[in-house]
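2 protein chains.
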Amino acid sequence: MNDKKDQIAISEILSKAGVNPTAQRIAVFKYVHNESDHPTPEQVKVAVDRVFPKISLATVYNTLNALVEAGLVKAVKLPNSGKVCYDANTAKHYHFIDEKQGLLLDLDLKDIKIDLNLSTQFEVKDVDVFIKGHYSG
Amino acid sequence: MNDKKDQIAISEILSKAGVNPTAQRIAVFKYVHNESDHPTPEQVKVAVDRVFPKISLATVYNTLNALVEAGLVKAVKLPNSGKVCYDANTAKHYHFIDEKQGLLLDLDLKDIKIDLNLSTQFEVKDVDVFIKGHYSG
DNA sequence: TTAAAAATATAGAATTATTCTAATGTGGGT
DNA sequence: ACCCACATTAGAATAATTCTATATTTTTAA
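Chains as they are written, first to last, in my numbering: chain A, -9 to 127; chain B, -9 to 127.
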């Protein structure tokens, strides 16, 4: 049972990050981490509902927030639609957005070189980049 | 009266952009353009309320949308708070966000050099950059 | 083991931001 | 003056998210 093995592995990841690995949390993280690409909370709910006899949307939000807190996933708020997506890729990276197709793709750090030339008044903590355009994949 | 002169000038700007310069629209654009820095719709309403006997919030939204349509202002949806701000600076530029202080500052193009190295599948239309950190001004 | 304490999960209400709707108002042209 | 297209309006509707109060499960420790 691959599923069982997954669950144990994920359970450990959660524990290590200080998140109590309840069944719901395992299911949510498993979906975000292994089975999806930048899902919204709504999508997470729909997916987890198939495993669970109805998880509540509040729990999905609680869990996603807890996972973000713990640094296990990242929340990406899109600069246009304003929708939040959750990203299991916690390494620093950028995003490409194809609004027409509703696509959100990860871009590797090495694909974008950024040179900041700011005065010392600006203490930079993070850089978000969203490239918008059309993807023909 | 400087105010009157402003109004006429703004009226002309609106007309030229194909927006019928009604009193409400002039007041909204005047505030966004001359008297504020990245206001939210709510802030626009509060400000314009002082000039007008109560503009409706719907009109503020309609007007801001019309101004965006006409290319006279830009809407900036912040990648964290999700709030929309309106930006009278329609030239291409980037943003610095200090969440702690609730600051949103414009960054000039020349302050940030961006080198994209994407495969030809990516047809780039726009690049949004949000630098987050602390500003000590 | 068992009952109190703590942590989670839940449904549904509340909040916030925005858009829609349908009715009303306004100004320019005939 | 009268029409017509366009604006404005209040308030309802929608959507995303958070809060609240209750229920359930888990842990602790006697």
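Even glycine gets a Cβ: it sits at the ideal position worked out from N, Cα and C. Please read all numbers here as calculations on a predicted model, not as lab measurements.
Check whether chain B comes within 8 Å of A/His124, counting only Cβ atoms and requiring the distance to be less than that. On the first sequence, residue 124 of chain A is found 134 positions in, with the first residue counted as 1. With 8 Å as the cut-off, A/His124 counts as an interface residue toward chain B.
Where A/Ile(-2) sits in the DSSP three-state scheme: Within the first sequence, the letter at position 8 stands for residue -2 of chain A. A/Ile(-2) falls in the helix class under three-state DSSP.
Is any beta-carbon of chain B found at less than 8 Å from that of A/Leu133? Residue 133 of chain A lies beyond the range of chain A shown here (-9 to 127); nothing can be said about it.
Expected contact under 8 Å - CB spacing of A/Leu62 and A/Thr80 to nearest Å: Reading the first sequence from its first residue, position 72 is the one you call residue 62 of chain A. Reading the first sequence from its first residue, position 90 is the one you call residue 80 of chain A. That pair is a contact at about 7 Å.
Would you mind working out which of B/Ser126, B/Lys82, B/Lys100 sits nearest B/Gly92, comparing C-alpha positions? Residue numbering aside, residue 92 of chain B sits at position 102 when the second sequence is read from its first letter. If we check each option's Cα against that of B/Gly92, B/Ser126 comes out closest.
Looking only at its own chain, which residues have a Cβ that is under 6 Å from the Cβ of B/Leu47, when we skip the five neighbours before and after it? Locating residue 47 of chain B in the second sequence gives position 57, where the first residue counts as 1. For B/Leu47, where only same-chain residues beyond five positions count, the Cβ hits under 6 Å are Lys35.
With a cut-off of 8 Å, does the C-beta of B/Pro69 fall near any C-beta of chain A? Within the second sequence, residue 69 of chain B is the residue found at index 79, counting from 1. Yes, B/Pro69 counts as interfacial toward chain A.
So which residues of chain A does B/Gly61 contact, with C-beta pairs closer than 7 Å? Locating residue 61 of chain B in the second sequence gives position 71, counting from the first residue. For a Cβ distance threshold of 7 Å, nothing in chain A lies close to B/Gly61: the least Cβ distance comes to about 16 Å.
Nonlocal neighbours in the same chain, by C-beta distance under 6 Å from B/Val66, ignoring five residues either side: Position 76 of the second sequence, counted from the first residue, corresponds to residue 66 of chain B. Excluding residues within five positions, the ones whose Cβ falls inside 6 Å are Cys75, Asp77.
Which stretch, first to last residue, makes up the beta strand (DSSP E) that contains A/Asp105? In the first sequence, counting from the first residue as 1, residue 105 of chain A sits at position 115. First-last of the beta strand (DSSP E) with A/Asp105: 102 to 106.
Using 10 angstroms around the beta-carbon of B/Ile16, count the other beta-carbons present and answer buried if the total reaches 16, otherwise exposed. Residue 16 of chain B sits at position 26 when you count from the first residue of the second sequence. Buried.
Reference A/Lys82, options A/Leu106, A/Asp88, A/Ile102, closest by Cα: Along the first sequence, read from residue 1 onward, the residue named residue 82 of chain A stands at position 92. Out of A/Leu106, A/Asp88, A/Ile102, A/Ile102 has the C-alpha closest to the C-alpha of A/Lys82.
Select from A/Ser109, A/Ser71, A/Leu57, A/Leu106 the residue whose C-alpha is nearest the C-alpha of A/Gly8. In the first sequence, counting from the first residue as 1, residue 8 of chain A sits at position 18. It is A/Leu57.
Express the C-alpha separation of B/Pro43 and A/Phe86 in angstroms, rounding to a whole number. For the purposes of this step, residue 86 of chain A is taken as residue 96 along the first sequence, with counting starting at 1. For the purposes of this step, residue 43 of chain B is taken as residue 53 along the second sequence, with counting starting at 1. A/Phe86 and B/Pro43 have their C-alpha atoms roughly 45 Å apart.
Could you tell me which chain B residues have their CB closer than 9 Å to the CB of A/Asn107, listed as they occur along the chain? What you label residue 107 of chain A is simply residue 117 of the first sequence in a count that begins at 1. Chain B residues near A/Asn107: Lys100, Asp101, Ile102, Lys103.
CB B/Ser26 to CB B/Ala13, shorter than 8 Å? Taking the first residue of the second sequence as 1, we reach residue 26 of chain B at position 36. Taking the first residue of the second sequence as 1, we reach residue 13 of chain B at position 23. No; because the gap between Cβ atoms is not below 8 Å, this pair is not in contact.
Say whether chain B places a C-beta atom closer than 8 Å to the C-beta of A/Val117. As a working note, residue 117 of chain A is residue 127 in the first sequence. Yes, contact with chain B.
Rounded to the nearest angstrom, what separates A/Lys6 and A/Phe19 at their Cα positions? Start at 1 with the first residue of the first sequence, and residue 6 of chain A comes out as number 16. Start at 1 with the first residue of the first sequence, and residue 19 of chain A comes out as number 29. So the two alpha carbons sit approximately 14 Å from each other.
At 7 Å on the CB atoms, spell out the chain A contacts of B/Gln111, in chain order. Position 121 of the second sequence, counted from the first residue, corresponds to residue 111 of chain B. Here the neighbours are Tyr125, Ser126, Gly127.
Is B/Val128 close to chain A, meaning its C-beta is less than 8 Å from at least one C-beta of that chain? Nothing about residue 128 of chain B can be reported from this structure: the residues present for chain B run from -9 to 127 only.
Range covered by the alpha helix (DSSP H) that runs through A/Asp39: Position 49 of the first sequence, counted from the start, is the residue given in the question as residue 39 of chain A. Unbroken alpha helix (DSSP H) run through A/Asp39: 31 to 41.
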